[in-house]
Every structure is written in C-alpha cells, then in structure tokens.
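Student: Quick one: the structure is below, and I'll ask about it shortly.
Residue numbers (mature numbering (1 follows the signal peptide of the UniProt record, and there is no 0)): -23 to -1, 1 to 770.
Written as structure tokens, this is what we have:
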C-alpha cells in the first residue's frame, strides 16, 4: 500500500516538474523547441513552432493562431534562412534566442540560422515567453524586456502591436510582404509610418509609394471602425516615439492586418461560423487609391468614370494626354499667385484625403486662421488644413510645393484650403454650375465634363468612358452610388473619339455631335439623335428621378423617352414588351463587352403583364442583361456599399433551355438532374446513361384519344414548359381546360393561367413538353396527359 502511494506521489511530481512541451509557453536556457514541438501561450491563443509554407519543404520558426483550423502564420523568425530539413532547434544560448539547423551550407558545424542578437546579456539568465497577444518576449531574470517579436514584425500587424518609430533607439517597426505564398522572405512591398512633415502611412513597392494615407486625429481616413465596442485605433506622437496601433475590446474576436504578396493591405476578422477570414477593410481599394493617380493639383473621384479632374483654379498641364486618360502630368495654375500678401485667397475643398504630407509642416498650436495668415506670408505655401479633427481639433498643417495624391470621398475626409489668385477666386464664385440642372433646352447643351442631375438627385446624365476604353458615350447612371453604374447609353454604336462631344437640342430633336477618328483623321458629325419626325421648335429634355430621359414639346406632350429604348438595364416603372399601336417592342440587349456598350449577342424580352413596379423610392434597384447573357435583378445596399444580386435567371444547370429534352424534367438538387416525366422513358437509353439528355423522353404507352381512355397526372412545383406551342384560354377554368384537352389528341398538358387569388383562365399545350424544371418550394401545378393504363400504376 505504501509503495503504491509513493508511486502516485512520484507520478504527480513528474507531471508538476516536467511539463509537456506542447503545452508550455516559455523557453529557458535548459529547454528548447525542436521540429514537431510547440510553445502555446497561456490562454492558448497562439502557438510557436516549425512550419512549412504551401508547396515548400523548407522549415521556419513561426507564430500562428492556435485555435484556427487553417494555420495562419503571423510572424516568422528565419525568413531568409530556412532549415532544409527537420533538424532545426530553437534554444537560448548566451542569453539570446538562437535557431540552429541544416541551412544547406557546406560546413562541418551546424550553423546559426537566426538569432535575437542582443548584446551585453548575462548568460543563462534569459527566458522567452509566448504571450496571449502573439508577442514572443525575451526577458532577463529581473523581467526586463531584452527583445520582443512585436518590434520586428513580418507581414502581419496584430492588435496592440506598434507600427512606427522609437525616437530613442531609432527602431522603425514596419511590415514587409512575403516574397510569395511559398516563400516568407521579405518581398518587394512594405507598409509603415513616414514621420516627416505630418505623419502619414504608406504602402511602398521598393522605395516608390503606391498607396498613402494620413492620420486625422481619430483614425486613418477610409479605415472605418464598424463598431467601437469591437475595435479602435491609437496614434501617439511625442518626443519618445511615434506609432500607430489598433485594439480589440472584445477578446473573443480575432483580427489582424496583413500586407499580402501583391502589396494589398487588408484588415481581416475571423468568422468561426463560416469558418474563414473575412476582409473588413483593404487598400488600395480603387483607382483613386493609386498614389498620385491624377498628378500634381489633380483630384481623384472614383465615383466618376473619368476619375481625374483638376482642382478649381487649375487646368490640365497636357490637355491632349488628359483627354486620352493619361493624367500623370497633372494640372497647373490658370492664373499665377499674386504673393503680395492680400492678392491671394483660399478655396475650401471638402471631404478629401489630404495631399502627400512629405512637403508639409505641422504647427500643433496654431488655429486655422493663424495658418491662413502664415501661409499668405510665404509664396511657396500652397494649402493648409486642420491637423486634428477630433473634438474641436488643434493645430494645422501647411503645404509647400505641389499638392499630390488628393482623393475625393462621398461621406468622409477632411477640409483642404487651397491657395488661388484673387481673380481666380472671384471667377470660381460667380461662374454658375451646370451640375444641378435637370433639363436641356434649345439654348443649352451638355459638354463632356458637364452633367444633368434629376430633381431628387437620383440619376445623372453625362459623358462617360467604359473601363479600358478611350471612347466617350452619353449615358445615365445612379447618382449616389460610389461605383458608377450606367443604366442607359445613347450612342451605343457610335462613340465619340475624344472629349469633343456635345449633347444639344436641334430642330426639336436631342442630338449628339462629336469627333469620330478614322486612322489619322477625324471629323465632327452627328453620332446619335432621337430622330423624331414631327417635333416642336420648343422641345426640352428632362432627366426624371426614375432615370427616364423625356423629350417633350411646349405643351409637355412626350415626344420621345429613353425608357422606350432600353439598353441592357431594366429599371422600376420601365415597360418591357410590345406597343400594339406603334409596333414598338421594348427589349434589353447586352453590351458587347464590359469595355464596349455596343449591342451584344444576347437579348431579353419581357411580357409586362403581372410585372410588379416598385413604389419604394428609397430602394435603388435594376435588372441588367450582362455581356455573358445572364439576366440579374440587383438592389443597392447602403450598408455594404454594393449591388446585391437578389435574382438571377441562370442559377444552375436546370436553367439551361431544354436541358433534359422533350418530356424530361430537371431537378438541380439531384446529382443526375434529368429524369423522365411519369409515363415516359429515355428515347436513347445509352446516351441518357452517359448524361447526354438532349434527346429527351418518349411515351411508354400511346394515348388512347377516344375521349375517355386518357387522364391527367398532376406534377407539382414546376416551371411550366415552353409556351410557344401553347394556347391561352382566358375564360376557361381548370375543369373546362381538362375537357377541351381531351377533345384534341395533340393536346398534351394544361395548367392555370394565373395563380393569383381569384385568377382565371388556363393554358393548353399542343405537342412536346420542353424545358420543365422542378422547384423545391415554388412553381406551378402542371397536368400531364397520360393513358389510363399509366395512371393506374
């Protein structure tokens, strides 16, 4: 009994004093981590150990999230010196963390592949602990921090990790991308803090910036905090250090920011329900995030197809290049500054990303008025802005030299006061804007760069250029949606070759004139017209809040409207179908490609009967036939800032026309989606078994056709067959339909013509039944004619 108790005590003591390697969080001088072993932080948030990237046999010491199925590495020690096999050992030697192993070198000794390389250490008194923050900390015996992985990040920024400069030591913490997904060595992209002038953050490719953003006193502009209870941002600038970090207030949420191999900075949040990392923010996001996309004194607005424009008081430096969408040379002043003290003024721009601050100066104690006064004393000063928008704000920033990398936002950003000559300021004040009118009259016109805006500001009409195209078109698009969404195009087949286009009213018609280039020559011609024969000399065209462009005479009678000539988009209240009086048939035709709005090869015609119209003016919706022939209905989501697809015509294999042939039914929930209707069998069994269903099915037994020898089998929840061989009987009920069908041996099926409450009429099919689809929770009832012998089964 005593021996048994002693054994228990020894076992307990062993468990206490010799912890398992896979659960410990600390390395000491007498402990190490070998390949296959790990450190796990006390709260089991993070693990440290050896890993291999995708498609690589090399081994690296890394830190990753411990509780996530797909290993997500957040830090790598030996980025440039991998272990070639499983010989790696991470240990503490002479007070430093060291990684030794086979690095593929021709040497008789095992080389040191990585070390913390801290000098003046007391040997054998250091230890390294993996914290629940993901930070690996090397301490001495007095718990002083000697080294920490958070000071040497790789491609990942974790909560509470500082990004920036320690002014005492000169240590600059910045991210560098992996070289590739197979190689964690430093890549060509970096992300960090530039402390010169007003501090700003940038992603660089080598030494060249590709994206840049400033701190506005609350956050990085464009990096929103969706829920302050979940996360926030901290920015500190003092004599000791200057840094940025983000925080998580809910410890159950896992987040990180990563600079990927393409140079894209992403903030990711783990969603355990999916499970996956969701991108909640990314940069660059659009063309206007490209550094200096519009050159000096240019501003970039991603809501515009031609995203670059000159700041007020400036004009393109190279107009020909500008019209060709090469904006790199930027803009120059239209009038020179006076520089006499009182001869200049400032124009206020709102909701901007401030210009590159590398040529700026911060005055932390000045008011905006003081900034203005000081700027006017120096002819090199070109602009000023508040340095801090939090609370009442304090301090200001002054720019000296060109203003570069300005971006326009729709709902955020800062105010920028740009210096212009007094004569320019007066011109800016007294020149009326054309962007608020909604009507063209015979004495008005729309030039490239000008727009009509509907009265309720729902839609805009103006010139645009598709992606990757130098051509210009007159189009209508949603006004309040960031990504320009064109819903109608006038001159689909005849683009303007440059910015010379003018839309005007001539002889009562809307007319578009402009230059069309042919090889090396060009000529001004009429490119599009409403082409109404009987018109009024007092016509006017108005852009309605529905998106309809309406040409009326002086008695406000409609002469022409864009809703009668849709392109690829169906809007609420737009009619689809035939005007029996005039023969006008309203159909959609796809664009030829995303770069060319000319008529494509797909068309869509819709019977307008029973099509609901939206009465909710707060909801923006459209239906579009894209250039691949897919018809979609979309609704704009303000919350997600994107178009959500709420319906699409080709959702699965069973939406292909006639997929299962005659008398076949298609069910997308089945692996072999095609089956014959009851009473039918495959026409070509060999093809059918090879999943070639195009020949369809044939009857097992012929119809009786004697009047009483046949009956009907009800198939529920189906898309009814192709109605091109059907006849509508608006006054017959279902019983009457059955009786009529039995009188004609060619009749094969019938159904209700309207499933609405109180609906009436029926549809009768004559000939083969083609393109039947089975639904799980919708569709109609179809009554299929079968001989009595089949019904009895």
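Quick reminder that beta carbons are idealized off the backbone N, C-alpha and C, glycines included.
All figures in this text were calculated on a predicted structure; none of them were measured in a lab.
What do you reckon, are the CB atoms on residue 390 and residue 325 nearer than 9 Å?
Tutor: No, they are not a contact pair.
Student: Classify residue 262 as buried or exposed, calling it buried when 16 or more other Cβ atoms lie within 10 Å of its own Cβ.
Tutor: Exposed, since its Cβ has fewer than 16 Cβ neighbours within 10 Å.
Student: Please identify the residue among 473, 36, 234 and 562 whose C-alpha is closest to the C-alpha of residue 66.
Tutor: It is 36.
Student: Please state if the CB of residue 453 and the CB of residue 465 are separated by a distance shorter than 9 Å.
Tutor: A contact, by the Cβ cut-off of 9 Å.
Student: Less than 9 Å separating the beta-carbons of residue 56 and residue 161?
Tutor: Contact flag set, yes.
Student: Do residue 340 and residue 351 count as a contact pair if the criterion is CB distance below 9 Å?
Tutor: Going by C-beta atoms, residue 351 is nearer than 9 Å to residue 340.
Student: Which ranges would you report for the beta strand (DSSP E) in the segment 13 to 63 if only whole runs of at least 3 residues count?
Tutor: Counting whole runs of 3 or more residues, the segment 13 to 63 contains the beta strand (DSSP E) stretches 15 to 17, 23 to 28, 37 to 42 and 50 to 53.
Student: Identify, in the order they occur along the chain, each residue of the same chain with its Cβ nearer than 7 Å to the Cβ of residue 113, setting aside the five sequence neighbours on each side.
Tutor: Closer than 7 Å at Cβ, skipping near neighbours: 25, 40, 105, 107, 125 and 126.
Student: Three or more beta-carbon pairs under 8 Å between the segment 650 to 658 and the segment 673 to 681, yes or no?
Tutor: The answer is yes - the segment 673 to 681 touches the segment 650 to 658, with three or more Cβ pairs under 8 Å.
Student: Find out if the Cβ-Cβ distance for the pair residue 526, residue 438 is shorter than 9 Å.
Tutor: Contact: yes.
Student: Using CA coordinates, which residue listed in 645, 116 and 641 is at the minimum distance from residue 629?
Tutor: Out of 645, 116 and 641, 645 has the C-alpha closest to the C-alpha of residue 629.
Student: Mind checking which residues open and close the alpha helix (DSSP H) that includes residue 329?
Tutor: No alpha helix (DSSP H) contains residue 329, which is instead part of the beta strand (DSSP E) from 321 to 330.
Student: How would you call residue 651, buried or exposed, if buried means at least 16 neighbouring beta carbons within 10 angstroms?
Tutor: Buried: at least 16 other Cβ atoms inside 10 Å.
Student: Confirm, please, whether the CB-CB distance from residue 307 to residue 269 is below 9 Å.
Tutor: Result yes, Cβ atoms of residue 269 and residue 307 sit closer than 9 Å.
Student: Between residue 429 and residue 423, which are expected to be in contact by the criterion C-beta below 8 Å, what is the C-beta distance as a whole number of angstroms?
Tutor: Confirmed, Cβ separation roughly 6 Å.
Student: For residue 73, which of helix, strand or coil comes out of DSSP?
Tutor: Three-state DSSP puts residue 73 in a strand.
Student: So, with DSSP's three-state summary, where would you put residue 713?
Tutor: In the structure shown, residue 713 sits in a helix (DSSP, three-state: H, G or I).
Student: Ordered along the chain, which non-local residues of its own chain (more than five positions away) have a Cβ less than 7 Å from that of residue 310?
Tutor: Cβ neighbours of residue 310 beyond the five flanking positions: 290 and 291.
Student: What does residue 159 pair with, by DSSP beta-bridge criteria?
Tutor: Partner(s): none; residue 159 has no beta bridge.
Student: Using 10 angstroms around the beta-carbon of residue 34, count the other beta-carbons present and answer buried if the total reaches 16, otherwise exposed.
Tutor: Its Cβ having fewer than 16 others within 10 Å, residue 34 is exposed.
Student: Going by beta carbon distance, what residues of the same chain come within less than 6 Å of residue 462, once the five residues before and after it are set aside?
Tutor: Correct list, in chain order: 454 and 455.
Student: Under a Cβ-count criterion, where at least 16 other Cβ atoms within 10 Å of its own Cβ denotes burial, should residue 191 be classed as buried or exposed?
Tutor: Flag for residue 191 reads buried.
Student: With distance defined between alpha-carbon atoms, name the residue in 760, 737, 691 and 693 nearest to residue 724.
Tutor: Of the listed residues, the one whose Cα sits closest to residue 724 is 760.
Student: Return the Cβ separation of residue 137 and residue 224 in integer angstroms, given the expectation that the two are a contact with Cβ distance under 8 Å.
Tutor: Right, their Cβ atoms sit about 6 Å apart.
Student: Would you list, in sequence order, the uninterrupted beta strand (DSSP E) runs of no fewer than 3 residues that lie entirely inside the segment 250 to 313?
Tutor: As far as the segment 250 to 313 is concerned, its whole beta strand (DSSP E) runs of at least 3 residues are 253 to 260, 275 to 277, 285 to 287, 291 to 293 and 308 to 310.
Student: Express the C-alpha separation of residue 2 and residue 18 in angstroms, rounding to a whole number.
Tutor: Cα to Cα, residue 18 sits roughly 5 Å from residue 2.
Student: Measure how close the beta-carbons of residue 502 and residue 490 come, nearest whole angstrom, since I'm counting them as under 8 Å.
Tutor: Yes, residue 502 and residue 490 are in contact; Cβ-Cβ is about 7 Å, under 8 Å.
Student: Suppose you measure from the CA of residue 362 to the CA of residue 327; what does that come to, to the nearest Å?
Tutor: Whole-angstrom Cα-Cα distance: 11 Å.
Student: May I ask you to report which of helix, strand or coil DSSP gives residue 561?
Tutor: Residue 561: coil per DSSP, three-state reduction.
Student: Evaluate contact between the segment 156 to 173 and the segment 243 to 251, counting only Cβ atoms and requiring at least three cross-stretch pairs below 8 Å.
Tutor: Because the criterion of three Cβ pairs below 8 Å is not met, the segment 156 to 173 and the segment 243 to 251 do not touch.
Student: Could you tell me which whole alpha helix (DSSP H) segments of length 4 or greater appear in the segment 629 to 695?
Tutor: For the segment 629 to 695, whole alpha helix (DSSP H) runs of length 4 or above, ordered along the chain, are 662 to 666.
Student: CA-CA distance, residue 378 and residue 346?
Tutor: Approximately 20 Å between the Cα atoms of the pair.
Student: Considering residue 350, what are the terminal residues of the alpha helix (DSSP H) in which it resides?
Tutor: Element bounds for residue 350: 345 to 353.
Student: Using only the alpha-carbon positions, how far apart do residue 549 and residue 388 sit?
Tutor: Between residue 549 and residue 388, the C-alpha separation is close to 27 Å.
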